[in-house]
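Undergrad: Attaching a single structure in structure tokens format; questions to follow.
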Amino acid sequence: MRMRRRGGPPKRKVCRFCADKIEIDYKNVSLLRSFITERGKILSGRITGTCAKHQRSLCDAIKRARMLALLPFTVV
113 MRMRRRGGPP KRKVCRFCAD KIEIDYKNVS LLRSFITERG KILSGRITGT CAKHQRSLCD
173 AIKRARMLAL LPFTVV
């Protein structure tokens with residue numbers, strides 16, 4: 113038999129940066145690490161819940177941190 117899902121509609125994820133008024137900075141490596149996978153790929157906004165505006169600036173900050181060797185490009 114198939115299991116049925118319980119509950120109502122799924123809860124909408126809220127952008128952490130909009131809710132807490134957090135500034136995205138390429139030097140804040142601990143914050144940026146929570147938005148990349150263990151292989152080094154950037155997580156999408158649908159998974160993390162960030163809005164489009166902050167997702168774009170988050171990607172720029174991660175790419176800048178990679179160029180300055182603060183974050184790895186890939187993990188093998």
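Numbering (our numbering), first residue to last: 113 to 188. The beta carbon of each residue, even a glycine, is placed where N, CA and C say it ideally should be.
Check whether the Cβ atoms of ILE174 and ILE154 lie closer than 7 Å to each other.
TA: The count along the sequence shown starts at 1 and reaches residue 174 at position 62. The count along the sequence shown starts at 1 and reaches residue 154 at position 42. Contact: yes.
Undergrad: If you measure between the beta carbons of CYS130 and CYS171, is that distance less than 7 Å?
TA: Along the sequence shown, read from residue 1 onward, the residue named residue 130 stands at position 18. Along the sequence shown, read from residue 1 onward, the residue named residue 171 stands at position 59. Contact: no.
Undergrad: With distances taken Cα to Cα, identify the nearest neighbour of LEU143 among VAL188, ARG114 and LEU183.
TA: Looking up residue 143 in the sequence shown gives position 31. The candidate whose alpha carbon is nearest that of LEU143 is LEU183.
Undergrad: What do you reckon, are the CB atoms on GLY152 and VAL187 nearer than 7 Å?
TA: Here residue 152 corresponds to residue number 40 of the sequence shown, with the count starting at 1. Here residue 187 corresponds to residue number 75 of the sequence shown, with the count starting at 1. Yes; because the gap between Cβ atoms is below 7 Å, this pair is in contact.
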